[in-house]
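Single-structure report; data block below.
There are 2 protein chains.
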Amino acid sequence: MAKDRPLQFSVDRSSPVPLYFQLSQQLEAAIERGELAPGSLLGNEIELAGRLGLSRPTVRQAIQSLVDKGLLVRRRGVGTQVVHSQVKRPLELSSLYDDLEAAGQRPATRVLRHTAEPAGAEAAAALGVPEGAEVVLVERLRLAHGEPMAHLRNHLPAGLLDLDGGALEETGLYRLMRAAGITLHSARQSVGARAATAEEGERLAEPVGAPLLTMERTTFDDTGRAVEFGSHVYRASRYAFEFQLLVRP
Amino acid sequence: MAKDRPLQFSVDRSSPVPLYFQLSQQLEAAIERGELAPGSLLGNEIELAGRLGLSRPTVRQAIQSLVDKGLLVRRRGVGTQVVHSQVKRPLELSSLYDDLEAAGQRPATRVLRHTAEPAGAEAAAALGVPEGAEVVLVERLRLAHGEPMAHLRNHLPAGLLDLDGGALEETGLYRLMRAAGITLHSARQSVGARAATAEEGERLAEPVGAPLLTMERTTFDDTGRAVEFGSHVYRASRYAFEFQLLVRP
DNA sequence: GAGGTCTGATTGTCCGGACATAAGGTGGGG
DNA sequence: CCCCACCTTATGTCCGGACAATCAGACCTC
């Protein structure tokens, strides 16, 4: 089992980066590059710890973080092995902008509306504010290669964020929120489908009655405060949600 | 901060259940029941460990598991507090059957087809078998309250599982797999929408052209082997995917 | 040869301690 | 009165060790 020693890991104790994190990053990179073959054993923790001059708990913490990411599988009495399957992107709270950018689609955004309005019943309930309270409403059209992809409608609590129209055209909403110091924590989503109305059809260049993919999402920060409520409509002919999910053991 | 002591936790050292797990379950139950108010501090780890007669690492392990579930938030220098938001079900690999059952819908299944067939190009690629190799094909109609909800088409590698027609009508496919000792690990999913064909419309009692929600999913076990490829179609008028997702910190 | 049994390997759990780091409040100085 | 340095508090990281539980394979018995 310990016949081949193709890779050498090393840690820098003078770095402020935690040791377990340094190791987990090196392991992940080695897996990504295929230097750690799928299915291959990782070698036992004790020996790995000794070789690196680390304690076993530290090595375990590094390994555990990759197990949580779905890259490794541990089996008692057997060892830790690299998972075979092609783990890509385990469904994260990403904005459509980032998705398109990652796919090399050069996304563009057109801000259709950016106003302060009294909250309707649905938005008020989602954001946890009284009905009629003032909220920020942003409506955007997201394009890829000049073609409309989706119509995005977002409600935000008033005063949460100082939205700049220019920034909104150049990046996603989540990135702006994170940049403003908001720690996104969780989101409640609902994905469905419906036929396009006349107005939606015109906006998205689809015929009336064409199938559209819809998503409603309420996002919370780590204090439990709702920071965004979105109602989005995607062209089903051009877009589908792709993601990977892990089974919680 | 430590003024109120409304709850007392306790662990049983003679139990085979790990101590950290006993504690995390009690904490989770207390949060669920509202005995630990959202936003309230949990009290520092050292003191909690001392009160329970546990070591700090054990207490940390218990807390960490709830942080991973999204129920708690830790802040250095501040403490650990219960998250405000309503965390429900953090998107898991659940079968439609379980979803409907949990919603009190009394699901029923009609097996339309259950044969061994040569794999088509798509199914072969997804399952990682040569095209034309024999695979098991299962087609089911899922009903709730006697109304059709979805048409489920699953391909399985030959010999993976001994599917019983009767069992298929009474439970979900994933439950059967788990019962057969298969450890589900991850799944790659794609969710989209399209207009109903004549055949689909008839099966699902929807007019031709009605919007349908589609999902394709390939599921892998912990050895990286593909154990299932499904192409499912849901009535958009009756069903939407609802889930909660956490932001990986 | 088929079956159960022992044994080695490896992860799982747990302990008690140590120091580092960040957040928040407090007091002093400008 | 405001701002900065300091202190307190709590989590974050790390160590070295101990024993238990489980798996796979070799071994032995029938």
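Respectively, the protein sequence lines represent chains P and Z.
Read in numbering that gives the first Met the number 0, the first sequence has 54 at position 55, and its numbers run on one by one without any break.
Read in numbering that gives the first Met the number 0, the second sequence has 223 at position 224, and its numbers run on one by one without any break.
Ideal Cβ placement from N, Cα and C applies to all residues, glycine included.
Here ARG109/P is near ARG139/P, since their CB atoms are less than 8 angstroms apart.
For ARG50/Z, the uninterrupted alpha helix (DSSP H) run begins and ends at 44-51, by DSSP.
When DSSP states are grouped into helix, strand and coil, SER236/Z belongs to the coil group. The beta carbon of ASP221/Z falls within 8 angstroms of a beta carbon belonging to chain P, placing the residue at that interface.
Take the alpha-carbon of ALA178/P and the one of PRO206/Z: they are about 47 angstroms apart. The stretch 99-134 of chain P contains, as complete alpha helix (DSSP H) runs of 4+ residues, the segments 120-126 (chain order). LEU47/Z and GLY33/Z have their C-alpha atoms roughly 19 angstroms apart. Secondary-structure assignment with DSSP links SER13/P through no beta bridge to anything.
From the listed residues LEU40/Z, HIS154/Z, VAL10/Z, LEU70/Z, the smallest Cα separation to THR114/Z is found for HIS154/Z. For PHE20/Z, the enclosing alpha helix (DSSP H) has its first and last residue at 18-31. Closer than 8 angstroms to the CB of GLN243/Z there is at least one CB belonging to chain P. Residues of the stretch 183-203 of chain Z with a C-beta less than 7 angstroms from any C-beta of chain P: LEU183, HIS184, SER185, ALA186, ARG187, GLN188, SER189, VAL190, GLY191, ALA192, ARG193, ALA194, listed in chain order. Pairing GLY229/P with GLU215/P gives a Cβ-Cβ distance under 8 angstroms.
In the assembly as shown, PRO210/P is a buried residue. Its beta-carbon has 16 or more other beta-carbons within 10 Å. Not flagged as an interface residue toward chain P: HIS113/Z, since no C-beta distance is shorter than 8 angstroms. Shortest Cα-Cα distance from ALA28/P to any of VAL16/P, ASP221/P, ARG141/P, LEU70/P involves LEU70/P. Residue burial is scored here from C-beta neighbours: ASP220/P has at least 16 other C-beta atoms within 10 angstroms and is therefore classed as buried. By the CB criterion at 8 angstroms, VAL82/P and HIS150/Z fall outside the cutoff. Under a criterion of Cβ atoms nearer than 7 angstroms, the residues of chain P adjacent to LEU212/Z are, in order, GLY191, ALA192. For ASP67/P, the enclosing alpha helix (DSSP H) has its first and last residue at 55-67. With respect to the 8 angstroms criterion, LEU162/P and LEU175/P are classified as neighbours on the basis of their beta carbons. Only residues of its own chain outside the window of five on either side were considered, and among them HIS150, GLU205, LEU211, VAL232 have a CB closer than 8 angstroms to the CB of GLU199/Z, listed in chain order. Checking the DSSP bridge columns, you'll see GLU215/P partnered with SER189/P, SER230/P. With contacts defined as CB atoms closer than 8 angstroms, SER13/P and ALA61/P fail to qualify as a contacting pair. Using a Cβ distance threshold of 8 angstroms, PRO156/P and VAL134/P count as a contacting pair. Under the DSSP assignment, GLU198/P falls in the alpha helix (DSSP H) whose first and last residues are 197-203. No Cβ-Cβ contact shorter than 8 angstroms links VAL66/Z with GLU44/Z. Close CB contacts of SER54/P within its chain, under the 8 angstroms cut and outside five residues either way in sequence, are with ALA48 (chain order). Beta-bridge analysis with DSSP links ALA194/Z to PRO210/Z.
In the DSSP assignment, ALA36/P falls outside any beta strand (DSSP E), carrying neither H nor E. For the set GLY42/P, SER64/P, ARG50/P, the Cα lying nearest the Cα of ARG75/P is the one of GLY42/P. Taking 9 angstroms as the Cβ-Cβ cut-off, the stretch 31-49 of chain Z approaches chain P at PRO37, GLY38, given in chain order. Neighbours of GLY69/P across chain Z, judged by C-beta separation under 9 angstroms: HIS184, SER185.
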